[in-house]
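Offset between the sequence shown (1-based) and the working numbering: plus 251.
Built from N, CA and C at the ideal position, the CB exists for glycine as well.
A quick write-up on the structure given underneath.
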Amino acid sequence: MFKQNALATIAVFVTWTIIDILVHGNLLVETYLSTPHLWRPEAEMNSLLMFAVTAVYGFCFVALYQYFVQPKSMSKGIKFGAIFGIAVGVVAGFGSYVYMPISLHLAESWFAISLIKLTAAGVIVGSLVKGPGE
């Protein structure tokens, strides 16, 4: 079980990192550049901390699936990830929109990214994490 969870956590981390690089480093660059007063300069960003946050978040996602989803299956993993994605997307996207002067486009983008990332993580846990005897 430890090996499955470790492999799933690594796969989730790599998947989320690739998605983040593609989306935040390419697709949303112009949006971020249009609101420089909201963001730290790139030189002040802490990449190591960013990776650590992603790793802990991925570990927690895998652990929640492992401990609370029964029986485990691809279908359950996708549903778990999608529901988790909706929750996180609402908080990260529209919750941020309530408090920060970001555009509705950025809020919608953050919602969509959360849904995509967490659904992808659901596919990963659904395929890699099995319960005892499964």
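Does any CB atom of chain C fall closer than 8 angstroms to the CB of residue 272? Checking the listed chains, one finds no chain C in this structure; it contains a single protein chain.
Between residue 349 and residue 254, what straight-line distance do the alpha-carbon atoms span, to the nearest angstrom? Residue mapping note: residue 349 aligns to position 98 of the sequence shown, counting from 1. Residue mapping note: residue 254 aligns to position 3 of the sequence shown, counting from 1. Going by the C-alpha atoms only, they are around 41 angstroms apart.
Three-state secondary structure (DSSP) of residue 290: Along the sequence shown, read from residue 1 onward, the residue named residue 290 stands at position 39. Shown here, residue 290 sits in coil according to DSSP, grouped into three states, outside any helix or strand.
Contact check, residue 211 vs residue 263, beta carbons under 8 angstroms: Since the first and last residues shown for the chain are 252 and 385, residue 211 lies out of range.
Does the beta carbon of residue 307 fall short of 7 angstroms from some heavy atom of the ligand NAP? This structure lacks the ligand NAP; in fact it carries no ligand of any kind.
Going by DSSP in three states, residue 279 sits in which element: helix, strand or coil? Residue mapping note: residue 279 aligns to position 28 of the sequence shown, counting from 1. In this structure, residue 279 counts as coil in the three-state DSSP scheme.
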